Structure formats: C-alpha cells, structure tokens
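Novice: Residue 83 in the UniProt record's numbering sits at position 83 of the sequence shown, with consecutive numbering throughout.
Backbone N, C-alpha and C fix where the C-beta goes; we use that ideal spot for every residue, glycine too.
For clarity, every value in this text was computed on a predicted model and none was experimentally measured.
What follows is a single structure, and I will ask about it in a moment.
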Amino acid sequence: GTSVWQVLGNDYWGTPMWDASSHKSYRPLTTLTFRLNNWLFGLQPRWFHVVNILLHSVSCVLFTRITLVVARLDAKFATAAGLLFAAHPIHTEAVTGIVGRADVLSCLLFLLSFLVYHDGGLSLERKNRVLVSCGLAALSMLAKETGFTVLLVNLLYDLFKCYPHVKRVILDGKWSEESLQFARRTGTIFMAMSVLLVFRLAMLQGSLPKFSSQDNPTAFHPCPHVRLLTFSFLATFNFWLLLCPSTLSHDWQMGSIPLVTSLAD
1 GTSVWQVLGN
11 DYWGTPMWDA
21 SSHKSYRPLT
31 TLTFRLNNWL
41 FGLQPRWFHV
51 VNILLHSVSC
61 VLFTRITLVV
71 ARLDAKFATA
81 AGLLFAAHPI
91 HTEAVTGIVG
101 RADVLSCLLF
111 LLSFLVYHDG
121 GLSLERKNRV
131 LVSCGLAALS
141 MLAKETGFTV
151 LLVNLLYDLF
161 KCYPHVKRVI
171 LDGKWSEESL
181 QFARRTGTIF
191 MAMSVLLVFR
201 LAMLQGSLPK
211 FSSQDNPTAF
221 HPCPHVRLLT
231 FSFLATFNFW
241 LLLCPSTLSH
251 DWQMGSIPLV
261 TSLAD
C-alpha cells in the first residue's frame, strides 16, 4: 500500500503533487483519516459513514457553543441554531458522501479555530489562544484548502469587536492597550497566513491545476459577459440554497447549472 510519506506527497486522489496531471487538491489530513478508518475497521462502508456522522456531530456541538459564548445568543435560540445547522439539507452531500469527509473535517477544525480564538472563557492566555487557533487553521487547510479562510474570518470578527478602539487610532492617533493587542494579533494572523500561503504554493510543485470544461463550463466560455452573468448567478444561487435548499445535487459538474447568456435568462 501507499506509505504515509507518499500520502504527504500525493493529492487527494492519490496522484503525486509533482505530476502534471495532478488535481493539486492537497488534503493529507483527510486522507490519513481514511487510512485510520481502514486500519481499524477495514473497507466496510458503514464505518466510513459512521465517522463522517461523528465528525458532523462534533461540528454541530462546536457551532452551538459558538452561538452561546461568542454570539451570546439566548440558550433557546442557540439550541435552535444548532439543530438547524445539524439538519440543514445543504450538508447532505458532504456528510453522506464518504469523499465529503474533506468538507466535514475541515469544517470541524474551522469551527474549533474560531472558538479558540474568540472564547474568552478558555484558560489559555489570549496570545496562546491566537497561536493555537492558527495551528488549528493550518490543520483545517490540510483537511481541505478552504480551511485557510478561517484566519480571515477570525481577523474580521476581531476587527468587528475592536472597531471602536481601531477607529480611535485612525481618527485621533491614540493607541489604547486594546488597540495595541489587536495590532499584535493582526500581525500574528498575517504571519500565519503568509507561512501557509507559501507552503501551499510550494506544494503546487511548479504547476497549476488543470481543469476541463466539464469541471467548470462557465470558466471556459469564450464570451466575457456570459462568464460574468453566470458567475454572478452562481453566487446568488448558492446563497439561496442556504435559505431554500430545494435543489441539491451530488455533483455540480457537466453543466448541471445552465449558462446565463442574457439578463432575460
């Protein structure tokens, strides 16, 4: 079988990252959980699904915790939010599909990173919480690339909370202890982002991923206005799915969403 060192050098689909045909999706942490699954239970599909469900359950608990201690919702509303997150149909593909573990595991680590960064009730000092949060963000990225964005989410929410102090610095040039601490946290976040970005670019091994028109028909359409209209529609469509997930698919490739060629479409 594939050694652990090979796993660290392969993309999510088992192709070496240096290979020109590689998908360049680097998710070794998720791949290692599959290996652990196989080591413990063999190739029985049931246990792969069980692990996905357990990971999603932990994510639901973390999300509910965030609504309580970070968003400071009333317990009734926090419980309702947690139940909605747990049962939202938009999660169906990621949780029920074994390959969707990359999304589920990355989500768990994303939420944990956010919670550690913003939960003042933890026993860790603030500077240590920021460092631990950055480490969890790195793990989230190693589960799926989008986990990297938790660093930006942490920073933006921190800015939201510290905005009065930041505004005072901008308008009056007066630094408080709170604004100085925010500046230090910002520096740490940007340093972590830089390190992770350099690492991720290095893992591309000198070549960018190659996609076909089957993977992304919109990007390959020759007309700029069609690309603009379709990409704008896709953003709106995905937001609408959060509110009304009436149209779901296990695979959005091969033109499953028609191109928008005019404003009349």
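Using 10 angstroms around the beta-carbon of K167, count the other beta-carbons present and answer buried if the total reaches 16, otherwise exposed.
Specialist: For this step, residue 167 is matched to residue 167 along the sequence shown. Result: exposed.
Novice: Roughly how many angstroms separate the alpha carbons of G206 and V198, rounded to a whole number?
Specialist: As a working mapping, residue 206 is identified with position 206 in the sequence shown. As a working mapping, residue 198 is identified with position 198 in the sequence shown. For G206 and V198, the distance between alpha carbons rounds to 12 Å.
Novice: Taking its Cβ as the centre, do 16 or more other Cβ atoms sit within 10 Å of M254, making it buried, or is it exposed?
Specialist: As a position in the sequence shown, residue 254 is number 254, starting the count at 1. Exposed, because fewer than 16 other Cβ atoms sit within 10 Å of the Cβ of M254.
Novice: Does DSSP classify P16 as helix, strand or coil?
Specialist: Working through the sequence shown from its first residue, we reach residue 16 at position 16. P16: strand per DSSP, three-state reduction.
Novice: So, with DSSP's three-state summary, where would you put N154?
Specialist: What you label residue 154 is simply residue 154 of the sequence shown in a count that begins at 1. The answer is helix: DSSP assigns N154 an H, G or I state.
Novice: In chain order, what residues of the same chain lie with their CB nearer than 8 Å to the CB of N154, ignoring the 5 residues before and after it?
Specialist: Locating residue 154 in the sequence shown gives position 154, where the first residue counts as 1. Closer than 8 Å at Cβ, skipping near neighbours: S113, F114, Y117, H118, S133, A137, I189.
Novice: How is the alpha helix (DSSP H) around L204 delimited, first residue to last?
Specialist: To locate residue 204, count along the sequence shown from 1; it is residue 204. Run containing L204: none; DSSP gives neither H nor E here.
Novice: Do you know offhand how far V99's Cα is from P28's?
Specialist: What you label residue 99 is simply residue 99 of the sequence shown in a count that begins at 1. What you label residue 28 is simply residue 28 of the sequence shown in a count that begins at 1. Cα to Cα, the separation comes out at about 13 Å.
Novice: Can you determine whether any heavy atom of the ligand ADP sits closer than 7 Å to the C-beta of A71, and answer yes or no?
Specialist: The ligand ADP is absent from the structure shown, which contains no ligand whatsoever.
Novice: Can the beta-carbon of F231 be found less than 8 Å from the beta-carbon of I257?
Specialist: For the purposes of this step, residue 231 is taken as residue 231 along the sequence shown, with counting starting at 1. For the purposes of this step, residue 257 is taken as residue 257 along the sequence shown, with counting starting at 1. Not in contact: F231 and I257 (Cβ atoms no closer than 8 Å).
Novice: Going straight from the alpha carbon of L156 to that of F110, what length do you get?
Specialist: Reading the sequence shown from its first residue, position 156 is the one you call residue 156. Reading the sequence shown from its first residue, position 110 is the one you call residue 110. Rounded to whole angstroms, L156 to F110 spans 15 Å at the Cα level.
Novice: Would you please state the rounded distance, in angstroms, between the beta carbons of L105 and T33? I believe it to be under 8 Å.
Specialist: Walking along the sequence shown from the start, residue 105 turns up at place 105. Walking along the sequence shown from the start, residue 33 turns up at place 33. At roughly 7 Å, the Cβ-Cβ gap stays under 8 Å, so L105 and T33 are in contact.
Novice: For L108 and L40, which I take to be in contact (beta-carbon distance under 8 Å), what is that distance rounded to the nearest angstrom?
Specialist: For the purposes of this step, residue 108 is taken as the residue at position 108 of the sequence shown. For the purposes of this step, residue 40 is taken as the residue at position 40 of the sequence shown. Actually they are not in contact, since the Cβ atoms of L108 and L40 sit about 19 Å apart, beyond 8 Å.
Novice: What does the Cβ neighbour count give for F182, buried or exposed, with the cut at 16 atoms within 10 Å?
Specialist: To locate residue 182, count along the sequence shown from 1; it is residue 182. So F182 ends up on the buried side.
Novice: Quick one: which unbroken beta strand (DSSP E) runs of 3-plus residues sit fully inside the stretch 70 to 135? Chain order, please.
Specialist: As far as the stretch 70 to 135 is concerned, it has no whole beta strand (DSSP E) run of at least 3 residues.
Novice: Note down the Cα distance separating H225 from V58, rounded to an integer number of angstroms.
Specialist: The residue labelled residue 225 in the question sits at position 225 within the sequence shown. The residue labelled residue 58 in the question sits at position 58 within the sequence shown. Going from the Cα of H225 to the Cα of V58 covers about 43 Å.
Novice: Tell me whether the beta-carbon of A192 lies closer than 8 Å to the beta-carbon of L151.
Specialist: Indexing the sequence shown from 1 puts residue 192 at position 192. Indexing the sequence shown from 1 puts residue 151 at position 151. Taking 8 Å as the Cβ cut-off, A192 and L151 qualify as a contacting pair.
Novice: Put residue 268 into one of helix, strand or coil per three-state DSSP.
Specialist: This structure cannot settle anything about residue 268, because the visible part of the chain is limited to 1 through 265.
Novice: With a CB to CB cut of under 7 Å and the five nearest residues on each side skipped, what residues in its chain are close to F85?
Specialist: Mapped onto the sequence shown, residue 85 falls at position 85. These residues qualify, in order along the chain: C60, F63.
Novice: By DSSP, does N10 sit in helix, in strand, or in coil?
Specialist: Start at 1 with the first residue of the sequence shown, and residue 10 comes out as number 10. Correct three-state label for N10: strand.
Novice: If we ignore side chains and look at the alpha-carbon of each, how far apart do A78 and T67 end up?
Specialist: Position 78 of the sequence shown holds residue 78. Position 67 of the sequence shown holds residue 67. A78 and T67: Cα-Cα distance of roughly 5 Å.
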